[in-house]
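Engineer: Numbering (my numbering), first residue to last: 1114 to 1183. Ideal placement from N, C-alpha and C gives every residue a C-beta, glycine not left out.
#1: Does the distance from the C-beta atom of residue 1140 to that of residue 1163 stay below 7 Å?
#2: Sorted by chain position, which residues of the same chain lie with C-beta nearer than 7 Å to residue 1116's C-beta, five sequence neighbours on each side aside?
#3: Need the endpoints of the alpha helix (DSSP H) that residue 1156 sits in, please.
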């Protein structure tokens, strides 16, 4: 795994985290969103997917090592 690859990986993880936090802090508590299920449910689903992506990116070291030794 190269240093550039590691930097890109951490940058992506940070961006996923920032996006998740922004959705959580600024949208999920908004009165309009709380009153509209058709808005709230997709936002919650998006947060779940972002959480899964964050976890997958963080756990990608094993796959990165396999590629490096491929």
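Structural biologist: The relevant details are as follows:
#1: no
#2: none
#3: 1150 to 1171
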